[in-house]
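There are 2 protein chains.
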Amino acid sequence: MARLPRYLQALIAAGDVDQTTISSQGLARGAGVNSAIVRKDLSHLGALGRRGVGYDVAGLVDEISTVLGLSTERAVVIVGLGNLGRALAAYDGFHRRGFRIVALLDADPAKIGTEVGDLRIESADDLEDIVADRGAQIAVLATPAPHAQDAADRLVAAGVRAILNFAPVHLDGPDHVSIRRVDLSTELQILSFYEQLQAGTGGGDAVAGG
Amino acid sequence: MARLPRYLQALIAAGDVDQTTISSQGLARGAGVNSAIVRKDLSHLGALGRRGVGYDVAGLVDEISTVLGLSTERAVVIVGLGNLGRALAAYDGFHRRGFRIVALLDADPAKIGTEVGDLRIESADDLEDIVADRGAQIAVLATPAPHAQDAADRLVAAGVRAILNFAPVHLDGPDHVSIRRVDLSTELQILSFYEQLQAGTGGGDAVAGG
DNA sequence: CTTTGTGAAATCCTTCACAGCG
DNA sequence: CGCTGTGAAGGATTTCACAAAG
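Taken in order, these protein sequences are the chains called A and B. Residue numbering for the first sequence follows our numbering, starting at 37 and increasing by one per position. Residue numbering for the second sequence follows our numbering, starting at 37 and increasing by one per position.
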């Protein structure tokens, strides 16, 4: 259910505006999807809405948070402190949503010992010990592409169960480890494709950008 | 065709290793997908493979680059120079793939005039003029969430035809503008969900992470 | 004997439309 | 009435399986 986080965002926005109840259509607008799909998704979590009224905002926030496993804090390790890694380390969105960064690892001796935010960069040589000691469950991978698979293998062996990969390569891993990928230049390339399409038409035709 | 950039990456990796030809299965491994789907995707671009041999690496790179519109340089403007925006501005992956950053815009007077890489941050007040003058076709949005929709509206009005949105909100826009979203905390939340699932099982069951 | 290109089957996901509850 | 919950319909995408080509 990749849409739950979207709903959560829309719900929090609604709560900020002191809305106590929200309809599937209101949620759909906030999340940028169809209202039928909102109802179907939410009915999957149990019958949480009241007919004729809508969904209780606070109740749904709790329910979705629980389902997503956000009720307990998750320990995150960031591997690779280049431009992107550093920005991620400084990004407060993680902290705000219950993710605690427990370590920053890099292989470059020049970086080791320097501080980012209030954490010190440590040596990637000690990856296994650090992951185990601090109970890191999730890793954010922002190394150069050639080192990503190796780093991933070590993270998996050390007990990490989920990896968010920013390196522009496909990573292989065992089935019990979830690997997601975010690739900035891939996203831009997809946009480039659509942009080109638009340049062709007069700009009138519909192309879902989604 | 959201998979073409992946194929491109796998092809470039194959070329780096002096491979002159590649099978659908080899490409599939590199891109992390099924080989049948590779063949179907590529057959859609025309018959480019040779039976019994595979696909010509250099030829395919050219073909996919053309389809994605990467053969001409695209002008990109980055709006919002916080941690993430700055990292994106410094990210060389864009440049390497034919995207040229033509402007950096921010609303914060303290940031205006400072340099990031070899570009100076300019005032968001001049957004319309700057986008028009420099022919920016694609915008990267990394503003705080509350300003994202407003910035998007102005970008669209100024003639931008594609937006890559890093702000954690859904953006509305006309059909002729493609809007894609990358949300880091959403990604982490999805991982959190899978992580939780894994913690429940002994770690043996299969859960696709992709 | 290898590997593409592609109909057909299977699967997944979305939308429609409406019964039923409040 | 308004709005949820959901079967059924419709679309889209993925996988299978194999004929044809080199």
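Every residue, glycine too, gets a C-beta built ideally from N, C-alpha and C.
At least one C-beta of chain A is nearer than 8 Å to the C-beta of alanine 123(B). Following the DSSP letters along the chain, one finds glutamate 164(A) in no beta strand (DSSP E) but inside the alpha helix (DSSP H) bounded by residues 163-170.
Exclusion of the five residues before and after serine 159(A) leaves Ile148 as the residues of its chain whose Cβ lies within less than 6 Å of its Cβ. With its beta carbon less than 8 Å from one in chain B, isoleucine 174(A) belongs to the interface. Scanning chain A for C-beta atoms nearer than 9 Å to the C-beta of threonine 179(B) yields nothing, as the closest lies near 13 Å away.
Within the region 42-72 of chain A, the complete alpha helix (DSSP H) runs of at least 4 residues fall at 60-67. Counting other Cβ atoms within 10 Å of its Cβ, leucine 78(A) reaches 16 or more and is therefore classed as buried. Per DSSP, the beta bridge partners of serine 159(B) are Asp142(B).
Scanning chain A for C-beta atoms nearer than 8 Å to the C-beta of isoleucine 73(B) yields nothing, as the closest lies near 14 Å away. For glycine 85(A), the secondary structure class from DSSP, reduced to helix, strand or coil, is strand.
For aspartate 189(A), the uninterrupted alpha helix (DSSP H) run begins and ends at 181-193, by DSSP.
At a beta-carbon threshold of 7 Å, the residues of chain B lying near isoleucine 226(A) are Ala38, Pro41, Arg216, ordered along the chain. In this structure, the beta-carbon distance from alanine 168(B) to alanine 198(B) does not fall below 8 Å.
Counted as a single uninterrupted DSSP element, the beta strand (DSSP E) harbouring serine 214(A) occupies residues 214-217. Between the region 168-181 of chain A and the region 101-117 of chain A there are three or more inter-stretch CB-CB distances shorter than 8 Å, so the stretches are counted as touching.
Under DSSP, asparagine 201(A) shares a beta bridge with Leu177(A), Arg217(A). At a cut-off of 8 Å between beta carbons, valine 205(A) contacts chain B. The region 213-231 of chain A makes contact with the region 201-217 of chain B; the number of CB pairs closer than 8 Å reaches 3 or more. Taking the Cα positions, serine 60(B) is about 53 Å away from proline 145(B). Using beta-carbon distances, leucine 155(A) does not count as an interface residue toward chain B, since no partner is under 8 Å.
At least one CB of chain B lies nearer than 8 Å to the CB of asparagine 119(A). Nearest to proline 180(A) by alpha-carbon distance, out of Phe229(A), Glu99(A), His206(A), is His206(A). Rounded to the nearest whole angstrom, the C-alpha separation of serine 71(B) and leucine 177(A) is 27 Å. Any Cβ of chain B closer than 8 Å to the Cβ of leucine 81(A) would place that residue at the interface, and such an atom is absent. Using a Cβ-Cβ cut-off of 7 Å, tyrosine 230(B) is close to Ala198, Ser214 of chain A, given in chain order.
At least one CB atom of chain A sits nearer than 8 Å to the CB of threonine 222(B).
From the beta-carbon of alanine 94(A), no residue of chain B is found nearer than 9 Å; the closest lies around 18 Å away. For valine 115(A), the enclosing beta strand (DSSP E) covers residues 110-115.
Distance from the CA atom of leucine 120(A) to the CA atom of tyrosine 127(B), rounded to whole angstroms, is 7 Å. Just measuring C-alpha positions, the residue of Leu96(A), Ile157(A), Asp161(A), Leu106(A) sitting nearest arginine 136(A) is Leu106(A). Counted as a single uninterrupted DSSP element, the alpha helix (DSSP H) harbouring glycine 121(A) occupies residues 119-126. Annotated three-state conformation of valine 152(B) is strand, per DSSP. In this structure, leucine 140(B) keeps its C-beta atom at 8 Å or more from the C-beta atom of leucine 104(B). Glycine 236(B) sits in a helix when the DSSP states are folded into three classes.
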